[in-house]
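Participant:
Number of protein chains: 2
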Amino acid sequence: MSTLKSKILVVATDLFQTRGINSTGVDTIVAVAGTTKMTLYKYFTSKENLILEVLNKGHQDFQTWLSDKLNTNTKKPSEKLQKLFEFIEEWVTSPNFRGMGFIKASAEFPNEESPVHQLSSEQSRQFRQYISSLAAEANIKDADGLALQLSLLFEGAVQAEQMKRGSGAMKYAKKAAKILIDEALTA
Amino acid sequence: MSTLKSKILVVATDLFQTRGINSTGVDTIVAVAGTTKMTLYKYFTSKENLILEVLNKGHQDFQTWLSDKLNTNTKKPSEKLQKLFEFIEEWVTSPNFRGMGFIKASAEFPNEESPVHQLSSEQSRQFRQYISSLAAEANIKDADGLALQLSLLFEGAVQAEQMKRGSGAMKYAKKAAKILIDEALTA
DNA sequence: CATGATATATACATATCTGTATATGGGTTT
DNA sequence: AAACCCATATACAGATATGTATATATCATG
Numbered sequence: 001m002s003t004l005k006s007k008i009l010v011v012a013t014d015l016f017q018t019r020g021i022n023s024t025g026v027d028t029i030v031a032v033a034g035t036t037k038m039t040l041y042k043y044f045t046s047k048e049n050l051i052l053e054v055l056n057k058g059h060q061d062f063q064t065w066l067s068d069k070l071n072t073n074t075k076k077p078s079e080k081l082q083k084l085f086e087f088i089e090e091w092v093t094s095p096n097f098r099g100m101g102f103i104k105a106s107a108e109f110p111n112e113e114s115p116v117h118q119l120s121s122e123q124s125r126q127f128r129q130y131i132s133s134l135a136a137e138a139n140i141k142d143a144d145g146l147a148l149q150l151s152l153l154f155e156g157a158v159q160a161e162q163m164k165r166g167s168g169a170m171k172y173a174k175k176a177a178k179i180l181i182d183e184a185l186t187a
Numbered sequence: 188m189s190t191l192k193s194k195i196l197v198v199a200t201d202l203f204q205t206r207g208i209n210s211t212g213v214d215t216i217v218a219v220a221g222t223t224k225m226t227l228y229k230y231f232t233s234k235e236n237l238i239l240e241v242l243n244k245g246h247q248d249f250q251t252w253l254s255d256k257l258n259t260n261t262k263k264p265s266e267k268l269q270k271l272f273e274f275i276e277e278w279v280t281s282p283n284f285r286g287m288g289f290i291k292a293s294a295e296f297p298n299e300e301s302p303v304h305q306l307s308s309e310q311s312r313q314f315r316q317y318i319s320s321l322a323a324e325a326n327i328k329d330a331d332g333l334a335l336q337l338s339l340l341f342e343g344a345v346q347a348e349q350m351k352r353g354s355g356a357m358k359y360a361k362k363a364a365k366i367l368i369d370e371a372l373t374a
């Protein structure tokens, strides 16, 4: 991938997160990225296309990192589930954390016909499905139910952390997750 | 309050929720409300002022309803805490539910200097404080911690419910809340 | 009927947004 | 050196946004 395209993606991810997607014009993006609109529209067919690529990249980066982390550091299925929020906290509190795109995007694009809404909705579903598969491997009865509960904690904590860095929300979300997982394992 | 001003508030609340705040122009609002921009700007000094009034009304309506419901239906502090999510579910699944404004607003206005962001942030804090006071009255040790966890569940569930009505998120949030409250009460 | 407040209709000023057209600069390869 | 590709600079078209100016209509009350 061209370095300029990559640069635009990074800058757009950052600006979308800190200023909002609809409030960030392409003029601002190219100015910060140190290029021009002509170049942006050579790599991205439209602003909507840029948003979709930003979402895809963010989600892939996160999922790849999380899967690798879990696969190399844990073995037993129940262990994976227990360690999940440890790693998520590590990701969220890392200095290069730029927020979870799909959480913001679904709020800014509530129209169900919008491709941006559809993608963010799909990413949310995929993440929940991933947690559910971990829960199922750990022989948890209502795996989908636990996955939904954990994703609620996760999305709530990320939003709180986005609103105010160092809010400590992730710490308490982690504690709550442990309680819910233990309860589900012994049920 | 003038009926027209009230009508504008209701319509704006609805449109902000279903189409997003930034994506909803004042032209659309007055068209749906069956009035004109001149009238809107007689009652509201600016669009930002309208947004702030919409947020205030939504928050007041919710807090008033919830407090009344808790005070008339429960007596013991621990009972209030236990019934909290029952009533919240009732509110969220009621047909005239229009979403929680401050959750959306904080996502669309991430800039901390924005008055809209500040108000929604303050409302989120107030709601958490209210839960914390209920927990404290029930003699829970880490009242703030539990309040934060419950608010994460609540905000996550509301957002999920906003994204897809009938998602069942609130049902599982309620179950999770019960587990966390029981754990905190016996700790 | 007449007065006066309230709402409407319509047009407009100003700004900002996405996306494109056109002409120019600066390297790399042949 | 010449052709070529990539990026830049700049200007602009078209749409839409907020907010205002001006003139008109409605309608209850004196």
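From first to last, the protein sequence lines stand for chains A and B.
Going by this note's numbering, the first sequence opens with residue 1, and the numbers climb by one from there.
Going by this note's numbering, the second sequence opens with residue 188, and the numbers climb by one from there.
Even glycine gets a Cβ: it sits at the ideal position worked out from N, Cα and C.
#1: List the residues of chain A whose Cβ lies closer than 7 Å to the Cβ of B:MET287, in chain order.
#2: When we look at the beta-carbon of A:LYS178 and count the other beta-carbons within 10 Å, is it buried (16 or more) or exposed?
#3: Using CA atoms only, rank isn't needed, just tell me which of B:GLN313, B:GLN346, B:GLU277 and B:PHE289 is closest to B:SER239.
#4: Can you give the Cα-Cα distance for B:PRO282 and A:GLU90, rounded to whole angstroms?
#5: To be precise: take each residue of the region 308–323 of chain B, compare its Cβ to all Cβ atoms of chain A, and keep it if any distance is under 9 Å. Which residues remain?
#6: Would the beta-carbon of B:GLU300 fall within 9 Å of that of A:ALA107?
#7: For the candidate residues B:SER338, B:PHE231 and B:SER308, whose alpha-carbon lies nearest to that of B:MET188?
#8: Comparing the C-beta of A:ALA107 with each C-beta of chain B, is any distance below 9 Å?
#9: Would DSSP call B:ALA356 helix, strand or coil?
#10: Do the region 142–156 of chain A and the region 329–347 of chain B touch if we need at least three Cβ pairs shorter than 8 Å?
#11: Enumerate in chain order the residues of its own chain whose CB-to-CB distance from A:ASN111 is below 7 Å, with the five nearest sequence positions on each side excluded.
#12: So, is A:LYS75 buried or exposed, given that buried needs 16 or more other C-beta atoms within 10 angstroms?
#13: Could you round the C-beta distance between A:LEU81 and A:ALA33 to whole angstroms and report it? I think they count as a contact, below 8 Å.
#14: Helix, strand or coil, according to DSSP, for A:SER121 in the structure here?
#15: Taking one C-beta from the region 205–222 of chain B and one from the region 22–31 of chain A each time, how about it: are there three or more such pairs within less than 8 Å?
#16: Specify, as a first and last residue, the run of the alpha helix (DSSP H) that B:PRO297 falls within.
#17: So, using beta-carbon positions, are A:ILE131 and A:LEU150 closer together than 9 Å?
#18: Need the endpoints of the alpha helix (DSSP H) that A:ASP61 sits in, please.
#19: DSSP on A:VAL80, reduced to helix/strand/coil?
#20: What is the rounded straight-line gap between the Cα of A:THR3 and the Cα of A:THR39?
#21: Which stretch, first to last residue, makes up the alpha helix (DSSP H) that contains B:PHE341?
#22: What residue does the alpha helix (DSSP H) around A:ILE8 start on, and which one ends it?
#23: In chain A, what lies closer than 9 Å to B:SER210 by C-beta?
#24: Can you list, in chain order, the residues of its chain with a C-beta nearer than 6 Å to that of A:PHE85? Leave out the 5 residues immediately preceding and following it.
#25: Take the Cβ of A:THR64 as the centre, count every other Cβ of all protein chains shown within 10 Å, and call the residue buried at 16 or more, exposed below.
#26: Under 9 Å between C-beta atoms, does B:GLU235 make it to chain A?
#27: Examine chain A for any beta-carbon lying closer than 9 Å to the beta-carbon of B:GLY245, and answer yes or no.
#28: Residues of chain A with a CB under 7 Å from the CB of B:ILE366: which are they?
#29: With distances taken from CA atoms, which of A:LYS171, A:ASP14, A:LYS83 and A:ASP68 is nearest B:PHE332?
Facilitator: The short version:
#1: Start at 1 with the first residue of the second sequence, and residue 287 of chain B comes out as number 100. What B:MET287 touches in chain A: nothing, since even the nearest Cβ is about 11 Å away.
#2: Within the first sequence, the letter at position 178 stands for residue 178 of chain A. A:LYS178 comes out exposed.
#3: Counting from 1 along the second sequence, the entry for residue 239 of chain B is found at position 52. Reading off the sequence shown, one finds Leu at residue 239 of chain B, where the question assumed Ser. The shortest C-alpha separation from B:LEU239 is found at B:PHE289.
#4: Indexing the second sequence from 1 puts residue 282 of chain B at position 95. Indexing the first sequence from 1 puts residue 90 of chain A at position 90. Cα-Cα distance, rounded: 40 Å.
#5: SER308 and SER311
#6: Your numbering for residue 300 of chain B matches position 113 in the second sequence. Your numbering for residue 107 of chain A matches position 107 in the first sequence. Not a contact, by the Cβ cut-off of 9 Å.
#7: Within the second sequence, the letter at position 1 stands for residue 188 of chain B. The option with the nearest alpha carbon to B:MET188 is B:PHE231.
#8: Against the first sequence, residue 107 of chain A aligns to sequence position 107. By this cut-off, A:ALA107 is an interface position.
#9: Mapped onto the second sequence, residue 356 of chain B falls at position 169. Three-state DSSP puts B:ALA356 in a helix.
#10: yes
#11: Translated into the one-based positions of the first sequence, residue 111 of chain A becomes position 111. Same-chain partners within the cutoff: HIS117.
#12: Sequence index remark: in the first sequence, residue 75 of chain A carries index 75 (1-based). Exposed: under 16 other Cβ atoms inside 10 Å.
#13: Locating residue 81 of chain A in the first sequence gives position 81, counting from the first residue. Locating residue 33 of chain A in the first sequence gives position 33, counting from the first residue. 40 Å between Cβ atoms; not a contact.
#14: The sequence position of residue 121 of chain A within the first sequence is 121, counting from 1. A:SER121: helix per DSSP, three-state reduction.
#15: yes
#16: Counting from 1 along the second sequence, the entry for residue 297 of chain B is found at position 110. Careful: B:PRO297 lies outside any alpha helix (DSSP H) and carries neither H nor E.
#17: Mapped onto the first sequence, residue 131 of chain A falls at position 131. Mapped onto the first sequence, residue 150 of chain A falls at position 150. Going by C-beta atoms, A:ILE131 is nearer than 9 Å to A:LEU150.
#18: In the first sequence, the residue the question calls residue 61 of chain A occupies position 61. Its alpha helix (DSSP H) spans residues 47–73.
#19: In the first sequence, counting from the first residue as 1, residue 80 of chain A sits at position 80. In the sequence as displayed, the identity of residue 80 of chain A is Lys instead of Val. Looking at A:LYS80 - three-state DSSP - the assignment turns out to be helix.
#20: Start at 1 with the first residue of the first sequence, and residue 3 of chain A comes out as number 3. Start at 1 with the first residue of the first sequence, and residue 39 of chain A comes out as number 39. Distance between the alpha carbons of A:THR3 and A:THR39: 12 Å.
#21: Start at 1 with the first residue of the second sequence, and residue 341 of chain B comes out as number 154. It spans 330–350 - the alpha helix (DSSP H) in which B:PHE341 sits, taken as one unbroken run.
#22: As a working note, residue 8 of chain A is residue 8 in the first sequence. Looking at the DSSP string, the run of the alpha helix (DSSP H) that includes A:ILE8 is 3–19.
#23: Numbered from its first residue, the second sequence carries residue 210 of chain B at position 23. Within chain A, the residues near B:SER210 are ASN22, GLU108, PHE109, PRO110 and ASN111.
#24: One-based indexing of the first sequence puts residue 85 of chain A at position 85. Contacts found: LYS174 and ALA177.
#25: Stepping through the first sequence from its first residue, residue 64 of chain A is reached at position 64. By the 10 Å Cβ count, A:THR64 comes out exposed.
#26: Walking along the second sequence from the start, residue 235 of chain B turns up at place 48. Cβ-Cβ to chain A under 9 Å: no for B:GLU235.
#27: The residue given as residue 245 of chain B occupies position 58 in the second sequence. Closer than 9 Å: no.
#28: The sequence position of residue 366 of chain B within the second sequence is 179, counting from 1. ILE179, LEU180 and GLU183, listed in chain order.
#29: Stepping through the second sequence from its first residue, residue 332 of chain B is reached at position 145. According to the sequence provided, residue 332 of chain B is Gly. The question's Phe does not apply to it. Residue A:LYS171 is the option with its Cα nearest to B:GLY332.
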